[in-house]
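Residues are numbered in our numbering as their position in the sequence shown, beginning at 1, plus a constant of 11.
From the three backbone atoms N, C-alpha and C, an ideal C-beta is built for every residue, glycine too.
Input: a single structure, listed below in structure tokens.
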Amino acid sequence: DNYGKYEQYFSSMYYTSEGKVPGAKALLRFEFSLPKNPKKMRELEALLELVFHQIDVVGAHKLSPEAFKKAQERRSKIQEEEFKETLQARQEAAQRKREAKFEKE
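Have a look at this one:
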């Protein structure tokens, strides 16, 4: 099926093997823009079939131990970078606060 004609309704698909929902091993999320005219809802039928197909594909897929390790390393690296960014922002804010306090005195 040609899904290009449904592009206007498809917003995003997100998959993670990090279960951020309690009790879930993975998360698969689709976002759609619904048609304004309720009579056009039938056009989404092919996209809903795609959702169920992707659920089956993702459910049948298992990462190899090497791929899982690589994904974990990437996640750790991203978390470290985010922490460094927030740490730097907090340090800059604290420095500005100290400077403002010093200027008042």
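query                                                                                                                                                            : result
Enumerated in chain order, which unbroken segments of the alpha helix (DSSP H) with a length of 4 residues or greater are wholly contained in the stretch 16–95? : 56–71
What does a CB cutoff of less than 8 Å around Q102 pick up in its chain, not counting 5 residues either side in sequence?                                        : none
Should F41 and V62 be called a contact, given that it needs their Cβ atoms to be closer than 7 Å?                                                                : yes
Within its chain, find whatever has a CB closer than 8 Å to the CB of I89; leave out the 5 residues flanking it on each side and keep chain order.               : none
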